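Reading through the structure tokens given below for one structure.
Numbering (the working numbering), first residue to last: 31 to 136.
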């Protein structure tokens, strides 16, 4: 269980974080990197941080309508709405899929 950690929550419940290694490939140059990805983060879509996008030089795609992000308590996220996505090929255990991933600030 080296890729799993348990965190004690206030109510005594446990949150299990599971990470897996995946490949991400830039669409335009067919080169890629291997990264750790968090499974079942509770997000309803795939997300990637703007810092990671900038560091890895992924090509940003402006979305037509802003996506306002809500926290688990229903409040709007302080980092603001999602304005961009990136399109990548994701590789995992021999499976490849082209995905559009929302870019979150932070």
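Positions of the beta carbon are idealized from the N, C-alpha and C atoms, including for glycine.
From a predicted model like this one, the values you see are computed outputs, not experimental measurements.
task = Can you have a look at residue 145 and say buried or exposed, based on whether 16 or more other CB atoms are within 10 angstroms of its CB?
result = Any question about residue 145 goes unanswered here, given that the chain covers just 31 to 136.
task = Check the C-beta distance from residue 51 over to residue 64 and give it rounded, since I have them as a contact under 8 Å.
result = Yes, they are in contact, since the Cβ atoms of residue 51 and residue 64 sit about 6 Å apart, within 8 Å.
request  = State the beta-bridge partners of residue 93 as determined by DSSP.
outcome  = Paired residues: none, contrary to the question.
task = Look at residue 113 and residue 89 and say whether their C-beta atoms are less than 9 Å apart.
result = At least 9 Å separates the beta-carbon of residue 113 from that of residue 89.
key: Collapsed DSSP secondary structure at residue 109 in the structure displayed   = The three-state secondary structure of residue 109, taken from DSSP, is coil.
query = Do the CB positions of residue 135 and residue 117 come within less than 9 Å of each other?
reply = Taking a C-beta distance under 9 Å as the contact criterion, residue 135 and residue 117 do not qualify as a contact pair.
ask   = Taking just the CA atoms, how far does residue 66 sit from residue 47?
value = Each residue's alpha carbon lies about 12 Å from the other.
key: Classification of residue 68 by the beta-carbon crowding that lies within 10 angstroms, buried from 16 upward   = By the neighbour-count rule (16 or more Cβ atoms within 10 Å), residue 68 is not buried but exposed.
message = Using only CA atoms, which one of 60, 94, 62 and 58 lies nearest to residue 137?
response = Outside the displayed range of the chain (31 to 136) lies residue 137, so it cannot be described from this structure.
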